[in-house]
Amino acid sequence: MEKMRDGAKGRNGSGGRAERTLQRDPERTRASILAAATREFAENGIGGARVDAIAERAGINKRMLYHYFGDKEQLYLAVLEEAYVGIRTAEKSLNLSDLEPEQGIAELAMFTWGYFLEHPEFLSLLGTENLHRARWLRQSTRLKELHSSFIDKLSDLLQRGKAGGLFRPDVDPLNLYLTIAALGYFYLSNQYTLSTIFGRDLMDKSNLDVWQRHIVHVTLASIRR
Numbered sequence: 014m015e016k017m018r019d020g021a022k023g024r025n026g027s028g029g030r031a032e033r034t035l036q037r038d039p040e041r042t043r044a045s046i047l048a049a050a051t052r053e054f055a056e057n058g059i060g061g062a063r064v065d066a067i068a069e070r071a072g073i074n075k076r077m078l079y080h081y082f083g084d085k086e087q088l089y090l091a092v093l094e095e096a097y098v099g100i101r102t103a104e105k106s107l108n109l110s111d112l113e114p115e116q117g118i119a120e121l122a123m124f125t126w127g128y129f130l131e132h133p134e135f136l137s138l139l140g141t142e143n144l145h146r147a148r149w150l151r152q153s154t155r156l157k158e159l160h161s162s163f164i165d166k167l168s169d170l171l172q173r174g175k176a177g178g179l180f181r182p183d184v185d186p187l188n189l190y191l192t193i194a195a196l197g198y199f200y201l202s203n204q205y206t207l208s209t210i211f212g213r214d215l216m217d218k219s220n221l222d223v224w225q226r227h228i229v230h231v232t233l234a235s236i237r238r
């Protein structure tokens, strides 16, 4: 009986204190919910994800989760938006406008590959949303502007390369980014089947390094004059 009381005290004590702390800090609470939801949706998809599990991971009750995000579908959309904001924000650190054209394209290719590699949850979320034909992503009012700004910066980088005689005049910035993203996404999202079929551990560090160099080589070769 004493152990039961101790256990209850622990749950109601530290757990309750953590929840009260979150209640007093809305930004921290929202971030905690999004982080927990990202893991849950990445692991189980929107169909298999459970609100109870998200609340438990975040250290809050369901009532608080609904207060911040309304329902499971709105939370899922918020997770998708945050995932895209994450990669677009990280890309800004490249400062593409300060780089020479070829260096800028190479840096973007390496960054994209590295980001995909370090954020498997991002690829899982993309896979889930594509299975649902972008049903939730279409509802976003944030993402078009976010991606439009990125394409504008990539277009400026390409234009400098075209003006300097480095790149073909017909290179399209969106097609270029699709090439970079596809080379990384296909490799990582199919790592298990491809490793099994061809008998090569695609996730071995030496193979990952080779593929990164391959991405840069293919990307630059596809746009040079």
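Read in order, the letters of the sequence shown are residues 14 to 238 in this note's numbering.
All C-beta atoms in this analysis are idealised placements derived from N, C-alpha and C, irrespective of residue type, glycine included.
Predicted, not measured: the structure shown is a model, and the values here were computed from it.
Item                                                                                                    : Value
Within the region 137-161, ranges of the alpha helix (DSSP H) (whole runs, at least 4 residues)         : none
Assigned secondary structure, R43 (DSSP; H/G/I helix, E/B strand, else coil)                            : helix
Top-ranked residue by Cα proximity to A62, from A44, F54, L171                                          : F54
Per DSSP, cross-strand counterpart(s) of R237                                                           : F180
Buried versus exposed call for E142 [16 or more other C-beta atoms within 10 Å across all chains shown] : buried
Touching by the beta-carbon criterion (3+ pairs, under 8 Å), the region 176-183 and the region 103-118  : yes
Status (buried if at least 16 other CB within 10 Å, exposed otherwise) for Y205                         : exposed
Classification of L139 by the beta-carbon crowding that lies within 10 angstroms, buried from 16 upward : buried
The region 161-168 / the region 75-86 touching (three or more Cβ pairs under 8 Å)                       : no
Start-to-end residues for the alpha helix (DSSP H) that takes in L196                                   : 186-202
Where I248 sits in the DSSP three-state scheme                                                          : It is not possible to answer for residue 248, since the shown part of the chain is limited to 14 through 238.
Contacting residues, own chain, Cβ-Cβ under 6 Å from W126 (five flanking each side not counted)         : G197, Q225, I228
Beta-carbon gap between L191 and F180 smaller than 7 Å                                                  : no
CB contact flag (V98, T51, <7 Å)                                                                        : no
Separation of L130 from F211, as counted between CA atoms                                               : 21 Å
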